[in-house]
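**Student:** Numbering-wise (my numbering), the sequence shown opens with residue 32 and increments by one.
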Amino acid sequence: MPVRSAKLTATSLAPMPVASGSGVNCFILLAEHDVFLSGIDHDREGHRGGQSGTALLRGVLQLSVSKNIKIKAVQLELLGRARTEWLQKMNSGYYEEEILQAQVVTFFNAMNNEWKYDYGNQCKFRLKSTSPNDNDLMDELNRSKSLSPHYHSNDGTEDLKRLSSENAQVQYGFVKWELHAAVDRAGIFNPNLHGVKEVSIVRVPDPLSLEMTESMLISRQWQGQLYYDIIISGKCFPVGSKIPITFQLTPLAKIQVHGLNVFVIESIEYWSNDRTAARKASSRKILLLSKLAGRALAPSWAFSDLRTIRGGELSPEQRREAREMAARQRTAEVSRQRIAVQPLPEPSTNLVGDLDLGLESFWGPTEIEVDVQIPTCGMMARNENLKLYPECTWRNVNIRHWIQVILPTSRLDPVDPTGRKHQTFEISIN
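Here it is, written out as structure tokens:
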């Protein structure tokens with residue numbers, strides 16, 4: 032690796048201070064990048080026994096001192112805030128903010144004489160140039176309460192309650208968790224230090240409540256033309272996973288199915304803290320998969336899978352053989368009934384096969400299996416139109432998703448005397 036690129040890599044990995052000034056830098060160093068909470072069902076209705084209801088936020092508050100300074104107190108606060116925006120004016124203005132949780136840890140206070148050591152019980156020291164032994168450290172502690180050039184580290188652990196909401200970011204609101212470090216300095220002309228570091232808190236759904244094995248079955252008949260069974264294998268799916276869907280289409284007449292589209296519809300409802308006001312944002316409709324008859328899946332749907340199990344569209348060779356068979360069948364019928372030969376219809380694209388040829392072998396069901404890709408975090412970061420908000424436990428926001436399937440179809444116009452015009456329809460299944 033070139034020397035310059037190595038320096039850039041080392042610089043990018045080095046922690047950045049959350050506050051600095053007058054010979055002191057303040058760092059908040061977390062042991063884990065994300066903190067995971069568990070124990071709440073996705074429907075917010077229970078807590079399964081045997082699961083841990085809390086999580087630990089572990090880290091170090093570090094002060095890097097380059098000259099002698101005097102301080103009065105060192106504190107670290109974990110603060111959870113929830114905020115919603117409103118069109119109408121509330122008591123607090125056009126927004127409402129709530130403190131979900133506030134926990135303060137005091138690492139040092141000059142007015143407290145009960146510390147075991149002068150700089151607090153949780154403080155550790157490391158010289159910038161040397162590694163002092165225990166005797167040197169005790170001599171330093173007994174001399175003064177001034178902070179000399181050391182790395183002063185305060186280890187801390189915070190308990191996160193099970194009922195605390197995880198981080199959330201929606202169009203008109205958010206839940207944020209932050210660590211606020213405060214260093215109060217002595218002297219009128221010495222500014223106090225205050226730094227903030229955002230904490231990522233993620234809610235892990237209960238695996239037993241995801242309902243990924245319970246199937247949803249939709250069976251309907253559409254205007255005596257098509258009977259369809261749609262099976263969705265699951266009721267809850269993580270972000271970035273795939274939704275298994277099985278389509279079974281049975282034609283009851285000469286109908287053309289031109290494709291299938293799978294959408295996810297997202298609805299978000301906001302509530303005020305006292306539950307007296309509500310706001311519902313416009314529903315968003317995101318296309319997850321589009322399959323057109325006669326065409327392969329477009330590259331934009333490459334992460335989804337589609338398989339035809341039974342029936343369905345014909346290959347060019349199968350279509351040629353089917354048209355030859357239909358021509359022979361019509362010729363034989365003409366010789367028996369002594370009627371004029373009816374020309375074969377023009378080739379058309381149809382998900383359920385070439386029904387217009389009149390061959391009985393095509394009148395069976397068509398079964399198609401698809402694995403529909405839910406946008407991953409990377410896909411949503413690259414394309415804002417694919418962004419989905421996962422369901423959360425924040426009581427002021429209600430996020431719901433459901434699947435919509437649309438089948439574009441057409442059939443012959445019954446009032447057209449020429450028998451060539453078609454009526455187009457869209458079968459919508461929610």
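Note that beta-carbon positions come from the ideal geometry of N, C-alpha and C, so glycine has one too.
Between the Cα of Glu-352 and those of Ser-95, Pro-396, Leu-390 and Leu-291, spot the shortest distance and give me the residue it belongs to.
**Tutor:** Locating residue 352 in the sequence shown gives position 321, where the first residue counts as 1. Measuring from the Cα of Glu-352, the nearest candidate turns out to be Leu-390.
**Student:** With DSSP run on the structure shown, which of helix, strand or coil describes Met-247?
**Tutor:** Locating residue 247 in the sequence shown gives position 216, counting from the first residue. Here Met-247 carries a strand assignment [DSSP, helix/strand/coil].
**Student:** Report yes if the CB atom of Gly-343 is closer than 8 Å to the CB atom of Lys-322, and no otherwise.
**Tutor:** To locate residue 343, count along the sequence shown from 1; it is residue 312. To locate residue 322, count along the sequence shown from 1; it is residue 291. No.
**Student:** To the nearest angstrom, how far is the alpha carbon of Pro-448 from that of Trp-302?
**Tutor:** Residue mapping note: residue 448 aligns to position 417 of the sequence shown, counting from 1. Residue mapping note: residue 302 aligns to position 271 of the sequence shown, counting from 1. Each residue's alpha carbon lies about 58 Å from the other.
**Student:** Smallest Cα separation from Arg-426: which of Leu-386, Ala-309, Arg-326 and Leu-375?
**Tutor:** Here residue 426 refers to the residue found at position 395 when the sequence shown is read from its first residue. Of the listed residues, the one whose Cα sits closest to Arg-426 is Ala-309.
**Student:** Quick check on the burial criterion: 16 or more other C-beta atoms within 10 angstroms. Buried or exposed for Gln-454?
**Tutor:** As a first step, residue 454 is located in the sequence shown; it is residue number 423 there, counting from the start. Label assigned to Gln-454: exposed.
**Student:** Which one of Glu-63, Arg-216 and Gln-404 has the shortest CA to CA distance from Ser-272?
**Tutor:** Residue numbering aside, residue 272 sits at position 241 when the sequence shown is read from its first letter. With distances taken between Cα atoms, Ser-272 lies closest to Gln-404.
**Student:** Among Ile-437, Asn-414 and Arg-451, which has the Cα closest to the Cα of Leu-443?
**Tutor:** Taking the first residue of the sequence shown as 1, we reach residue 443 at position 412. For Leu-443, the nearest C-alpha among the options comes from Arg-451.
**Student:** Taking the DSSP output, what are the residues bridged to Ile-262?
**Tutor:** Within the sequence shown, numbered from 1, the residue matching residue 262 stands at position 231. Per DSSP, Leu-248 and Thr-277.
**Student:** Tell me, please, whether the stretch 392 to 402 touches the stretch 332 to 346 by the rule of three or more beta-carbon pairs shorter than 8 Å.
**Tutor:** Yes, since at least three Cβ pairs between the stretch 392 to 402 and the stretch 332 to 346 fall closer than 8 Å, the two stretches touch.
**Student:** Is the Cβ-Cβ distance between Ile-434 and Cys-423 less than 8 Å?
**Tutor:** By one-based count along the sequence shown, residue 434 stands at place 403. By one-based count along the sequence shown, residue 423 stands at place 392. For Ile-434 and Cys-423, no; Cβs fall outside 8 Å.
**Student:** Starting from Cys-267 and walking both ways along the alpha helix (DSSP H), at which residues does that stretch end?
**Tutor:** By one-based count along the sequence shown, residue 267 stands at place 236. Where Cys-267 is concerned, there is no enclosing alpha helix (DSSP H), given that its DSSP letter is neither H nor E.
**Student:** Quick check on the burial criterion: 16 or more other C-beta atoms within 10 angstroms. Buried or exposed for Val-105?
**Tutor:** On the sequence shown, position 74 is the one that residue 105 refers to. It is buried - the Cβ of Val-105 has at least 16 other Cβ atoms within 10 Å.
**Student:** Identify the continuous beta strand (DSSP E) that holds Gly-409 and give its terminal residues.
**Tutor:** As a working note, residue 409 is residue 378 in the sequence shown. Per DSSP, Gly-409 belongs to no beta strand (DSSP E); it is in the alpha helix (DSSP H), 408 to 413.
**Student:** Under 8 Å by Cβ, that's how I've got Leu-107 and Ala-212 pegged, so tell me the actual separation to the nearest angstrom.
**Tutor:** As a first step, residue 107 is located in the sequence shown; it is residue number 76 there, counting from the start. As a first step, residue 212 is located in the sequence shown; it is residue number 181 there, counting from the start. So it is a contact: roughly 5 Å between Cβ atoms.
**Student:** Using CA coordinates, which residue listed in Leu-388, Leu-248 and Asp-305 is at the minimum distance from Gln-279?
**Tutor:** The count along the sequence shown starts at 1 and reaches residue 279 at position 248. The candidate whose alpha carbon is nearest that of Gln-279 is Leu-248.
**Student:** What separation, rounded to the nearest whole angstrom, lies between the Cα atoms of Val-258 and Met-411?
**Tutor:** Taking the first residue of the sequence shown as 1, we reach residue 258 at position 227. Taking the first residue of the sequence shown as 1, we reach residue 411 at position 380. Note on residue identity: the sequence assigns Tyr, not Val, to residue 258. Straight-line Cα distance between these residues: approximately 36 Å.
**Student:** Which residue from Thr-137, Ala-358 and Ser-53 puts its Cα closest to that of Phe-220?
**Tutor:** Here residue 220 corresponds to residue number 189 of the sequence shown, with the count starting at 1. Closest option to Phe-220, Cα to Cα, is Ser-53.
**Student:** Does the Cβ of Arg-338 have 16 or more other Cβ atoms within 10 Å, making it buried, or fewer, making it exposed?
**Tutor:** Numbered from 1 along the sequence shown, position 307 holds the residue referred to as residue 338. That one is exposed.
**Student:** I need the straight-line Cα distance from Gln-373 to Ala-363, nearest angstrom please.
**Tutor:** For the purposes of this step, residue 373 is taken as the residue at position 342 of the sequence shown. For the purposes of this step, residue 363 is taken as the residue at position 332 of the sequence shown. Computed Cα separation, rounded: 12 Å.
**Student:** The beta strand (DSSP E) with Arg-89 in it runs from where to where?
**Tutor:** Locating residue 89 in the sequence shown gives position 58, where the first residue counts as 1. 86 to 96 is the span of the beta strand (DSSP E), which, as asked, contains Arg-89.
**Student:** Select from Gln-202, Arg-216 and Ser-250 the residue whose C-alpha is nearest the C-alpha of Glu-297.
**Tutor:** Locating residue 297 in the sequence shown gives position 266, counting from the first residue. Of the candidates Gln-202, Arg-216 and Ser-250, the one whose C-alpha sits nearest the C-alpha of Glu-297 is Gln-202.
**Student:** Going by the beta-carbon positions, is the gap between Pro-421 and Val-270 smaller than 8 Å?
**Tutor:** The residue you call residue 421 lines up with position 390 of the sequence shown. The residue you call residue 270 lines up with position 239 of the sequence shown. Contact flag set, yes.
**Student:** Can you tell me whether Cys-57 is buried or exposed, with buried defined as 16 or more other CB within 10 angstroms of its CB?
**Tutor:** Mapped onto the sequence shown, residue 57 falls at position 26. By the Cβ neighbour-count rule, Cys-57 is buried, with 16 or more other Cβ atoms within 10 Å of its own.
**Student:** Per DSSP, which residues does Cys-57 bridge with? Please list them.
**Tutor:** Translated into positions along the sequence shown, residue 57 becomes position 26. According to DSSP, Cys-57 bridges with Ala-50 and Leu-94.
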